[in-house]
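Just so we're aligned: the sequence shown equals residues 16 to 338 in the numbering used here.
This report refers to the structure that appears directly beneath it.
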Amino acid sequence: MARTKLIAAAALLLSSMAWTAASAEEWPSKSIRLIVPYAPGGYTDTVARITGNYLQKTFGQTVIVENRAGGGGIVGTDFVSKLPGDGYALCVCSIGAVSIAPVAQGVKYDPLKDLTPISIISTIPQTVIVNPSVPAKSMQELVDYAKANPGKLSFGSSGAAGLMYFSVALFQARTGTKMTHVPFKGGAPATAAVVSGEVNLSFTNMTDALPQMEANTVRAIAVTSEKRSEFAPDLPTVAEAILPNYSAESWNAIMAPGGTPAPVVEKLSQALKKMADDPEVKKAMAVVGASTVFTTPDQFRAAIATELDQWKELMKEIRGNKT
Numbered sequence: 016m017a018r019t020k021l022i023a024a025a026a027l028l029l030s031s032m033a034w035t036a037a038s039a040e041e042w043p044s045k046s047i048r049l050i051v052p053y054a055p056g057g058y059t060d061t062v063a064r065i066t067g068n069y070l071q072k073t074f075g076q077t078v079i080v081e082n083r084a085g086g087g088g089i090v091g092t093d094f095v096s097k098l099p100g101d102g103y104a105l106c107v108c109s110i111g112a113v114s115i116a117p118v119a120q121g122v123k124y125d126p127l128k129d130l131t132p133i134s135i136i137s138t139i140p141q142t143v144i145v146n147p148s149v150p151a152k153s154m155q156e157l158v159d160y161a162k163a164n165p166g167k168l169s170f171g172s173s174g175a176a177g178l179m180y181f182s183v184a185l186f187q188a189r190t191g192t193k194m195t196h197v198p199f200k201g202g203a204p205a206t207a208a209v210v211s212g213e214v215n216l217s218f219t220n221m222t223d224a225l226p227q228m229e230a231n232t233v234r235a236i237a238v239t240s241e242k243r244s245e246f247a248p249d250l251p252t253v254a255e256a257i258l259p260n261y262s263a264e265s266w267n268a269i270m271a272p273g274g275t276p277a278p279v280v281e282k283l284s285q286a287l288k289k290m291a292d293d294p295e296v297k298k299a300m301a302v303v304g305a306s307t308v309f310t311t312p313d314q315f316r317a318a319i320a321t322e323l324d325q326w327k328e329l330m331k332e333i334r335g336n337k338t
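So this is what it looks like as structure tokens:
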């Protein structure tokens, strides 16, 4: 039995080496799936389509964007973590399912073992938007109203595992407020719910907020980043308005299933490095309020490890202040 296992392990190693030497040189030789763990139309979906178009031009192979929404990004991310690491399936992952959910509620994948970090490709602040019927024109007025009416205000998010949810949870913990959570399958439908009045507010991605801000269908009162956004410079940060040191900024990144060969990771890394500096990509990202970013696989892996530690501490704060 031991000899059989040893032979099997040796065969697996040899096949892996053969793949690395030959197949990696030819990669990609067929279409690539780009999994989006959120509903169509939102920030992550938009970034995925911009990225997919760029990779398709770069590698000369069709890139198919596939939406697998649910669980604040967990469903799609988990799906990718179970796929073969052959370079033909990638994830446009985000902070919620990668750095928050694993410590907030537990998931069936390890983001540093079952997924291969390649590069963060965009960052975006969240925007605090309220339905015009909400009697709050500033963060202070929002807090005052929420405190006077516990549980009356409802907020939409992409699900109880994502940054949209936990940015509000952290906000509630630090302000002593209590609002009612209503989950959706992505940022776009959560934002649409604020417009329709189905929910009162959302800490939504700038991508989803900008069109509604321009159409005056919502009232924007702050951004959640450390600094004001160049796309909405008149909006104060939550930190300067009411909560010093508060910050919640979303990112999207390309990740692959665990075990993806290093040569494939390197090819993708080099392509994404060039994408971050591409004028057309920068312009397309800017239209939706996002900024292009590039990190090496090692830098990205280190960033995830740091965020996991940070959110462990923030979870203690959030849970310690629940009533």
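Even for Gly, the Cβ is constructed at its ideal location relative to N, Cα and C.
Cβ-Cβ distance between residue i and residue j below 8 Å
i	j	result
tyrosine 69	aspartate 292	no
glycine 87	glycine 171	no
glycine 273	aspartate 129	yes
valine 210	valine 183	no
leucine 185	alanine 263	yes
glycine 304	glycine 202	no
threonine 131	alanine 247	no
leucine 168	asparagine 220	no
valine 111	alanine 176	According to the sequence as given, residue 111 is glycine; it is not valine. Taking 8 Å as the Cβ cut-off, glycine 111 and alanine 176 qualify as a contacting pair.
isoleucine 333	alanine 161	no
glutamine 71	valine 80	no
alanine 205	methionine 179	yes
serine 109	tryptophan 266	yes
tyrosine 261	alanine 268	no
proline 147	serine 244	no
glycine 100	threonine 275	yes
Residues near residue i in its chain [Cβ-Cβ closer than 6 Å; skip 5 each side]
i	result
serine 306	Thr138
alanine 23	At alanine 23, the pLDDT of 43 sits below 50, so the modelled position is not reliable; the number obtained from the coordinates is stated separately. Taken in chain order, the list of residues that qualify is empty.
proline 251	Ala237
leucine 98	Ala104, Pro272
valine 197	Ser169, Gly171, Val214
threonine 321	none
phenylalanine 181	Ile115
lysine 123	Asp93
Local Cβ density within 10 Å of residue i, reported as buried at 16 or more and exposed below that
i	result
glutamate 295	exposed
lysine 282	buried
aspartate 125	exposed
aspartate 60	buried
aspartate 249	exposed
proline 259	exposed
valine 107	buried
glycine 335	exposed
glutamine 285	exposed
serine 217	buried
alanine 207	buried
aspartate 313	exposed
isoleucine 47	buried
glutamine 120	exposed
threonine 19	Confidence at threonine 19 is low in this model, with a pLDDT of 45, below 50, so its placement is unreliable and no value can be given for it.
asparagine 231	exposed
glycine 212	exposed
valine 302	exposed
alanine 224	buried
threonine 195	exposed
Sequence-distant residues of the same chain with beta carbon closer than 7 Å to residue i, five excluded per side
i	result
leucine 323	Ser114, Pro117, Val118
threonine 310	Ser134, Ile135, Ala318
arginine 316	Leu127, Pro132
methionine 330	Val118, Ala119
leucine 287	Ile133, Ser134, Ile136, Ile269, Phe309
glutamine 325	none
Cut-off 8 Å between Cβ atoms - residues of its own chain near residue i, not counting five sequence neighbours on either side
i	result
glutamine 155	Ala256, Ile257
methionine 300	Val62, Ile65, Ser137, Ser306, Thr307
lysine 152	Arg234, Ile236
proline 165	Thr192, Lys193
lysine 242	Thr252
arginine 83	Ile50, Val51, Pro52, Val90, Gly91, Phe94
methionine 150	Note on identity: in this sequence residue 150 is proline, with methionine being the wrong assignment. Counting only Cβ-Cβ distances below 8 Å, and skipping sequence neighbours, we find Glu156, Tyr160.
lysine 327	Val118
lysine 200	Tyr53, Ala54, Ala84, Gly85, Ser173, Gly174
task = Note down, one range per segment and in chain order, each alpha helix (DSSP H) of at least 4 residues found wholly within the segment 195 to 280.
result = 202 to 211, 221 to 229, 253 to 256
query = If you pair each beta-carbon of the segment 45 to 53 with each one of the segment 79 to 99, do three or more pairs fall below 8 Å?
reply = yes
task = Identify every run of the alpha helix (DSSP H) within the segment 67 to 128, keeping only runs that are complete inside it and at least 4 residues long; order them along the chain.
result = 89 to 96, 116 to 119
inquiry  = When you compare the segment 232 to 240 with the segment 59 to 66, are there three or more beta-carbon pairs, one atom per stretch, that lie closer than 8 Å?
reply    = no
task = Taking only runs that begin and end inside the segment 131 to 180, name each unbroken beta strand (DSSP E) of 3 or more residues, in chain order.
result = 169 to 172
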